[in-house]
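Student: Chains as they are written, first to last, in the working numbering: chain P, 1 to 536; chain D, 537 to 845.
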């Protein structure tokens, strides 16, 4: 990404921003705000699942409830739900907003959707919702101000009928009026473009920059408030710049409105919320990436040489990264609850690019393969069983994983392990020593959650294995015995990334085994393993 | 409500898992296998040196008797060997059934082994078993016992007291072609009792032939000591060509080295008093007689002081 396109866009948008600044009221007070926020990763059989649509919705929910003046009771977050449920939630808001209007309250309603759009329809899993019907319904919501934000492929359709243009949207002129009333529509892409996601930022470009802007980086006026126009201009410029050289091509958000009013609309206000990061004016200019505990960019700060910057972020521990031409400047910052933490440049250190805390910056975390080797201990819970039937066994195993193929954070694995132990069985005083051996093969489907800047991940899932157990008695007159069966189980563990390609994996399994030779017996066993994985 | 909904699905899942399970991995099967005698458990053991042209006559007779005895043991054990070599065809509580299998010798017949475990005490294993036959084409016909046995452990699963009965007469009555086997043609039944929990290990075998047989009955009594020494008595009762009863007993004793002694006694013999010693041989480890006595001709060779027993 280069600064030139951003500056050019801002320069083009500048006069028009000023126009809009005078067109909508720049205050959040005295306005009852409502929001319906939906994210759905699934779009039906003819679409590929998205990785971050639901996550984007969560981020928008967080920023609006933290900084947008929306009470938790006035916002609904819908993740991976159907069109029917979505419409019922919308109907609920229509009723509540109508009541607010009866009480004489001015109201604002934000509808945010992140997911699939195809052939003029929102795809919510297997269900569909006509985009034009939704737009008509949104227009009819009895709120004074209705804002629709659509982050999906071809979402520019929603703004097309209002004459929205790709860039910048602010060329549209509005008739000024003291009464602020109307409809604003934002889309993440034009009608013939795909909306792109990024592994590096852990979300879609548009929603990421919208949220980052709302947290403060879009505050060009330095008044500790981010208006709709500021947020859009910021999201537009950064989205276009970041996607310009992508394989899918530049993505152009669109904007349209049918509005009456003469003041800008404040979407987030962090003047009173002193919890975040402050970058003093003396700090070096550049783009500061604030990386959350999952290894994704939580916010960005575009620091100019001549001014300070401030963004609002929830309390927590973050990595800070500033990219220079030959190295990184990285460090950590702890935001205390209710505190504005100043970023101290002296606490950053030089680091090679390989130490980039943003894992996606090092490598594409898309679908990739992993091969693991390790040792394992297996033991049955029931003592008589492990003493005389299936002894506790040490095993060596290999596991092949397909990571992030079905969706982000989902791991599918195939494993094979083999081992043996010595055991003996006591039958009426006769001790019969035997050599026990086992081969097990399984398949696992697990979800993975990343912590500590992506280095550490926890996973949990389901496993189905087939086990083949065999024992050969020292007494040659007793024939060898075997047992084979399927065993379902649960898997959980931790994965710690040592370097770009290597990771340590600790895993625990609990399995059910139906033993049915002498009689039906429900048995359980556990497995603990540790090993090294190589990510291709 | 949830549990009621899940219950059918749980059964389906468990059923699927169970249907996919297979194998013979069983501790209880071991009990059935351990309860059956192995050939080495009940065969006679004697240090057998190479025979020579001048080996003692009664040594050769003893050796021949042991060979015959062990051959009969091998045949008996062979009838129940299927239990140890294959997985039970069915398991039902304390019962295991192997078969039915087609008879190797007589394909028109099928054979099965049924074993039943009884609870004597928590430390004692008791088993009853039967080898049964029936015509293969008559699946509804009753099974006829060809061999029965029982076993009670003592001290460990594979040491105890057992009995084996080969019921040739019963099988013959069921039309099982036992007479096709020359070794069974004159046999009515054969009973074996063994005790191998403590020394001396003893095995007795009683043979009851048909009344028409020349030798009506015979017994073998074998005892084995821990130091390898042993004793076998084999006795036969029959009739002479003239129809007169005749019974004789040979008692052989030996050390672990193989050196030993045998005495032939005429219990009932025409023209002789009862309990008449017909002869005695003592031999060394080289099987050559160190002392020999024969009633017939009243011959003696060597010194009786050389006899170990």
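Glycine residues also receive a C-beta, built at the ideal position from the N, C-alpha and C atoms.
Starting from residue 135/P, follow the beta strand (DSSP E) in both directions and report where the run begins and ends.
Tutor: No beta strand (DSSP E) holds residue 135/P; the alpha helix (DSSP H) holding it covers 131–140.
Student: So which residues of chain D does residue 429/P contact, with C-beta pairs closer than 8 Å?
Tutor: 659, 689, 691, 692, 693
Student: Shorter than 7 Å from the beta carbon of residue 567/D to some beta carbon of chain P?
Tutor: yes
Student: Return the residue from the list 273/P, 141/P, 480/P that minimises the CA-CA distance to residue 215/P.
Tutor: 273/P
Student: Taking contact to mean 3 or more Cβ pairs, one atom from each stretch, closer than 8 Å, check whether the segment 724–742 of chain D and the segment 753–761 of chain D are in contact.
Tutor: yes
Student: Could you tell me if residue 569/D is buried or exposed, where buried requires 16 or more neighbouring beta carbons within 10 angstroms of its beta carbon?
Tutor: buried
Student: If I measure Cβ to Cβ from residue 93/P and keep anything under 6 Å in the same chain, skipping five residues before and after, which residues do I get?
Tutor: 34, 36
Student: How would you list, in chain order, the residues of chain P whose beta-carbon sits under 7 Å from the beta-carbon of residue 562/D?
Tutor: 481, 517, 518
Student: Would residue 630/D pass as an interface residue toward chain P - the criterion being a Cβ-Cβ separation below 7 Å?
Tutor: No, no contact with chain P.
Student: Report yes if the C-beta distance between residue 374/P and residue 529/P is below 7 Å; otherwise report no.
Tutor: yes
Student: Give the interface partners of residue 574/D over in chain P, defined as CB-CB distance under 7 Å, in chain order.
Tutor: Result: 477.
Student: Could you check whether residue 129/P and residue 138/P sit closer than 7 Å to each other, using their CB atoms as the reference points?
Tutor: no
Student: Am I right that residue 223/P and residue 234/P are in contact with their C-beta atoms under 8 Å? What's the rounded C-beta distance?
Tutor: No, residue 223/P and residue 234/P are not in contact; Cβ-Cβ is about 15 Å, not under 8 Å.
Student: Nearest to residue 524/P by alpha carbon, out of 386/P, 427/P, 478/P?
Tutor: 386/P
Student: Return the CA-CA distance between residue 190/P and residue 251/P, expressed in angstroms with no decimal places.
Tutor: 7 Å
Student: As a quick exercise: from 430/P, 326/P, 401/P, 467/P, pick the residue whose alpha carbon is nearest that of residue 393/P.
Tutor: Ranking the options by Cα distance to residue 393/P, first place goes to 467/P.
Student: Would you please state the rounded distance, in angstroms, between the beta carbons of residue 71/P and residue 114/P? I believe it to be under 8 Å.
Tutor: So it is not a contact: roughly 22 Å between Cβ atoms.
Student: Would you be able to state if there are at least three C-beta pairs under 8 Å between the segment 613–624 of chain D and the segment 652–662 of chain D?
Tutor: no
Student: Using a Cβ-Cβ cut-off of less than 9 Å, give me the residues of the segment 614–644 of chain D that come near chain P, in sequence order.
Tutor: 620, 621, 622, 623, 627, 629
Student: Quick check: is the beta carbon of residue 541/P nearer than 7 Å to any beta carbon in chain D?
Tutor: Because residue 541/P is not part of the residues shown, which for chain P are 1 to 536, the question remains open.
Student: Between the Cα of residue 463/P and the Cα atoms of 474/P, 104/P, 476/P, 440/P, which residue gives the shortest distance?
Tutor: 440/P
Student: At a cut of 8 Å, does the segment 511–519 of chain P reach the segment 585–596 of chain D through at least three beta carbon pairs?
Tutor: no
Student: Under 7 Å between C-beta atoms, does residue 166/P make it to chain D?
Tutor: In this prediction, residue 166/P scores a pLDDT of 38, lower than 50, which makes its location untrustworthy; the coordinate-derived value is nonetheless stated afterwards. With 7 Å as the cut-off, residue 166/P does not count as an interface residue toward chain D.
Student: Please compile the residues from chain P whose C-beta is within a distance smaller than 7 Å of the C-beta of residue 558/D.
Tutor: 484
Student: Since residue 438/P is in the beta strand (DSSP E), which residue starts that stretch and which ends it?
Tutor: 430–451
Student: Does any CB atom of chain D fall closer than 7 Å to the CB of residue 398/P?
Tutor: no
Student: Whole angstroms are fine: how far does the CA of residue 461/P sit from the CA of residue 577/D?
Tutor: 54 Å
Student: Here's a check: name, in chain order, each residue in its chain whose Cβ is nearer than 7 Å to the Cβ of residue 672/D, leaving out the five neighbours to either side.
Tutor: 638, 644, 645, 646
Student: Would the beta-carbon of residue 351/P fall within 7 Å of that of residue 333/P?
Tutor: no
Student: At which residue ranges does the segment 630–658 of chain D contain complete beta strand (DSSP E) runs of 3 or more residues, listed in the order of the chain?
Tutor: 631–638, 645–657
Student: Report yes if the CB atom of residue 279/P is closer than 7 Å to the CB atom of residue 301/P, and no otherwise.
Tutor: yes
Student: Just checking: is the beta-carbon of residue 531/P within a distance shorter than 7 Å of some beta-carbon in chain D?
Tutor: no
Student: Tell me, please, whether the CB atom of residue 491/P is closer than 7 Å to any CB atom in chain D?
Tutor: When Cβ-Cβ separations below 7 Å define contact, residue 491/P makes no contact with chain D.
Student: For residue 425/P, go through chain A and note every residue whose CB falls closer than 8 Å to its CB, in chain order.
Tutor: No chain A is present in this structure, whose protein chains are P and D.
Student: Three Cβ pairs or more, each shorter than 8 Å: is that satisfied between the segment 604–616 of chain D and the segment 825–835 of chain D?
Tutor: no
Student: So, are the CB atoms of residue 766/D and residue 733/D less than 7 Å apart?
Tutor: no
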